[in-house]
Each structure stands twice: as C-alpha cells, then as structure tokens.
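Numbering (the UniProt record's numbering), first residue to last: 1 to 432.
For each residue, glycine too, the CB sits at the ideal point set by N, CA and C.
Working notes, structure below.
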C-alpha cells in the first residue's frame, strides 16, 4: 500500500503545477529573470528537495512510531478475563474482615492505578502479585513477586507493605551492602548444652536471569535444577555431599530424608494460590553434606534455600559454614540483587539479607512468664513462635526464636541481634 504524502506537500505540488500552467511560463524566470535566475534556481531547487525529503522522512517515521506504539500497547494489555478476576477478587477482599497487609494497603486508588500494568519482560500482572491474598483472606501479608521487575512496576503496593513489615524501611531507604562480618565473632551461646537444643541459620537466593515461581516454565525448572546440581557437586571439605532430585526419588531415600526432617513438601495453600508449585516435582531437589549439617533446597519457595544447622548452640560454627557455602555457590551462580532492596526473593518478607538465624530453646521458667519473654524479644527484635512454625504454641517450654529484621541492616547485624537476644534470655532463665 503506497504511503500518502502529507497534505502540505500535496497542496504545494498541486499549486506549483497550476501556477505554471496558468501563467504560461517558468515561475523561476518570472520572479528572478535572466542570469539571476541561473544563480538562485539551483539553490532554490535544492532547498525545495530537502524540504520535501525532510517532510516525507518525518511522516514515515511518525507511521513507524505509531505502529511500534500499537505493538507495545498490544504487548502490555491485561487480558479481559484477568481484569474481571481482579475486580471480583478486590471487591470480595474489600468487603472482608481480612487483617492482611494486602487489604490494608490495596486502596481503590492503588488498585485502579496498578490493575492494567504488566512487567516488561515476563508480562506479570497485578493478579500474579495478589492472587494468594485474594484467595486466602487469613493471609498475614498476601502478596508475592512473580518476577524481579514486579517490585518496581507494582511499587505502589510493595513499598508500603515492605515498610510496614520490615519496621519502617521506607521507599527512600537503601539496604546496605552485603556484609557477613567477622565470622569468628560468634561463639557458643550455650556451652553447657542446658537450654539450646539446636541452631540453624538460613538464607534465600534467586538465580539471576530467571523469574520467580509463577512465571517459570517446566524447562526452566529443569535447567535450574541442573545448574544447581552441578554447582553443588563441586563443593569440597565439610560441604561435600550429594544432590537428590525429587523427581523419581526412590522410596528408601525419600523415607530417610523424611526421618532427617530434610524433605520439603509441596507448598501450602498460600503458595499454591500464588502459583508457586507448578510442574511439581519437576526441577525440585535437595542437597545435603555427609554430616547432614549443611542443606540446600532447590526450587521450593525460592530458587535456593541455603541452610546450615546442627545440634547445640555453637552459632559461630554454624554461621561460618553458611558464609563459606554462600560465597562458594555465588562464584558459580550469580544471584539476583537490587541496590535498594538487597537480595530479591519471591516473598517480600524475606528481602534484604534474607537471613533467618534461629534456635530451638528450652526456657520453662520464661514460658510461664510470657510478658518477660516478649519484653526481651522486642528489645532485640526477635520473633518467638512454637517449634512447629508460625502461629503454633510452644511444647514443653521449647520455643523457636529467631531474628525478625532482615532489611536495613547487614547479615552480620541480623545474626548478632539473635545472638545477643538469646544470650540475654539464657541469662534471664538462669536468674528466675
């Protein structure tokens, strides 16, 4: 199809032709005449040609830009069915008595501003972000990041939730650079083995170049599992061990991993609703060292969960093992990191350091004085819960106590809060 000339050019061309015909001569000669025309005419013609060429090029460029804009709009349009599901889900959430951070911060204004947005690379929508919270009104938080870009595209929702959960980490704040500090600083918090049953330090990592669970294809899951398996097989010393894919796992191996409390299960209803369990168990696997004090989960909730643990309270030894492992893995597998938010994870509650340092500790006297226990926990930013996980009660005076803060401080500072807090709790338990 020929490209029509701009109206101004068409008129100019027509007027010129009509003028020459009507006056029976060359317009250039009439205006300039003789030798002057010979001097001026070439320059005038060149200027006229340049003008026509410039106008035509500009017109063609405007057509190209319009086509590109149309393609971009088509590429970033949210499907009508997705919009309908969003509207329905939002109406139900707004009418509910949910106490989730999603309901608290997803105002009508924010909802309307975000519902038509998609992430540039993986085309994730607001529904991908909030679907778990829409389906589970008893969620504590209610949102997940389907890919790294979601934290930017849907920042109007993520930022206030991050600030609320992470103790005032504002959208203008910047997470400090990763610093594990001097690993020899920490010792054994319970050298007599009277109180601490076991100690664990874990962190989450996402592999650079891959989206998070909802956007991963089965081929990507398998590709990631292959990379993780080959990376971990290169570990030496006390980290040396074996990788066990969940797909095709033998019954005897499965039972042993269950007995060791290593085997993770398919996600709960919150993760299921967030589409975090697709293609299960493809691409999932577990690695542990020979001593069973170092563990890696592949593609459970995050791409990687790196865990160091053992019986007793030797936090120093456990922390040192974790730091060594993280540094060794990062040499081979680049991690997804953001200058403002720190290490990126599927759930915004794990952002920043992603560190959770915890103990199972038996404090029967403090168990009967919950107010005092909570007072110390608040002082050192500790989270207190039952040993069976969040929202569970302590059994026999045994608690799972961990650092609560993960953003706005270094890895070393996060672990030190737990170390100082547990030291204080043991001292207090002894005094009662």
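Nearest-angstrom beta carbon gap, residue j and residue i [assumed within contact, 8 Å]
i           : j           : result
residue 162 : residue 105 : The Cβ separation is near 10 Å, so there is no contact.
residue 78  : residue 116 : 5 Å
residue 193 : residue 285 : Contact doesn't hold; Cβ gap of about 33 Å is too wide.
residue 437 : residue 262 : The structure shown does not extend to residue 437, since the chain is modelled only from 1 to 432, so the question has no answer here.
residue 310 : residue 198 : 7 Å
residue 148 : residue 304 : Actually they are not in contact, since the Cβ atoms of residue 148 and residue 304 sit about 15 Å apart, beyond 8 Å.
residue 362 : residue 397 : 6 Å
residue 134 : residue 93  : 6 Å
residue 323 : residue 183 : 5 Å
residue 181 : residue 225 : Rounded, the Cβ-Cβ distance is 32 Å, inconsistent with contact.
residue 336 : residue 207 : 7 Å
residue 239 : residue 289 : 5 Å
residue 316 : residue 237 : 17 Å between Cβ atoms; not a contact.
residue 232 : residue 287 : 5 Å
residue 429 : residue 195 : 6 Å
residue 425 : residue 366 : 7 Å
residue 157 : residue 110 : 6 Å
residue 358 : residue 302 : Actually they are not in contact, since the Cβ atoms of residue 358 and residue 302 sit about 17 Å apart, beyond 8 Å.
residue 234 : residue 332 : 7 Å
residue 279 : residue 218 : 4 Å
residue 144 : residue 274 : 5 Å
Neighbourhood of residue i by C-beta distance below 6 Å, restricted to the same chain and skipping five residues each side
i           : result
residue 356 : 202 and 402
residue 146 : 124, 128, 212, 214 and 215
residue 267 : 276 and 277
residue 98  : 137
residue 257 : 263
residue 91  : none
residue 119 : 147, 149, 150 and 153
residue 421 : 380 and 382
residue 373 : 366
residue 427 : none
residue 377 : 384
Residue i, enclosing beta strand (DSSP E) - first and last residue
i           : result
residue 403 : 398-403
residue 362 : 356-362
residue 141 : No beta strand (DSSP E) contains residue 141, which DSSP labels as neither H nor E.
residue 242 : 241-245
residue 199 : 196-205
Residues near residue i in its chain [Cβ-Cβ closer than 7 Å; skip 5 each side]
i           : result
residue 270 : 132, 136 and 139
residue 260 : 292
residue 21  : With a pLDDT of only 39 at residue 21, under 50, the local geometry of the prediction cannot be trusted, and no value is derived from it.
residue 159 : 171
residue 419 : 186, 189 and 315
residue 220 : 210
Cutoff 8 Å; reference residue i; Cβ partners in own chain excluding five residues on either side
i           : result
residue 369 : 432
residue 191 : 313
residue 254 : 263
residue 70  : The pLDDT assigned to residue 70 is 45, lower than 50, so where the model puts this residue is not dependable; a value taken from the coordinates is nonetheless given after this. Once the five neighbours on either side are set aside, residue 70 has no close Cβ partner at all.
residue 414 : 353, 355, 357, 403, 405 and 406
residue 141 : 100, 101, 102, 133, 161, 165, 347, 348 and 349
Unbroken alpha helix (DSSP H) run spanning residue i, endpoints
i           : result
residue 383 : Here residue 383 belongs to no alpha helix (DSSP H); instead the beta strand (DSSP E) covers 382-386.
residue 210 : Per DSSP, residue 210 belongs to no alpha helix (DSSP H) and is neither H nor E.
residue 154 : Unbroken run through residue 154: none, as it is neither H nor E.
residue 190 : No alpha helix (DSSP H) contains residue 190, which DSSP labels as neither H nor E.
residue 219 : 218-232
residue 376 : 370-379
residue 409 : First-last for residue 409: undefined, no H or E at that position.
(message) Using a Cβ distance threshold of 8 Å, determine whether the stretch 313-332 contacts the stretch 241-249, with at least three qualifying pairs required.
(response) no
(request) Inspect the CB distances between the stretch 406-419 and the stretch 162-177 and report whether three or more fall short of 8 Å. (result) yes
(message) Could you check whether the stretch 339-357 touches the stretch 173-180, counting it as contact only if at least three pairs of C-beta atoms, one from each stretch, sit closer than 8 Å?
(response) yes
(request) Enumerate, from N- to C-terminal direction, the unbroken alpha helix (DSSP H) stretches of 4 or more residues contained entirely within the stretch 286-360. (result) 315-332
(message) Suppose only complete runs of 3+ residues qualify. What are the beta strand (DSSP E) ranges in the stretch 76-125, listed by chain order?
(response) none
(message) Ignoring anything shorter than 4 residues, give me the alpha helix (DSSP H) runs that lie fully in the stretch 244-285, in order along the chain.
(response) 251-259 and 269-273
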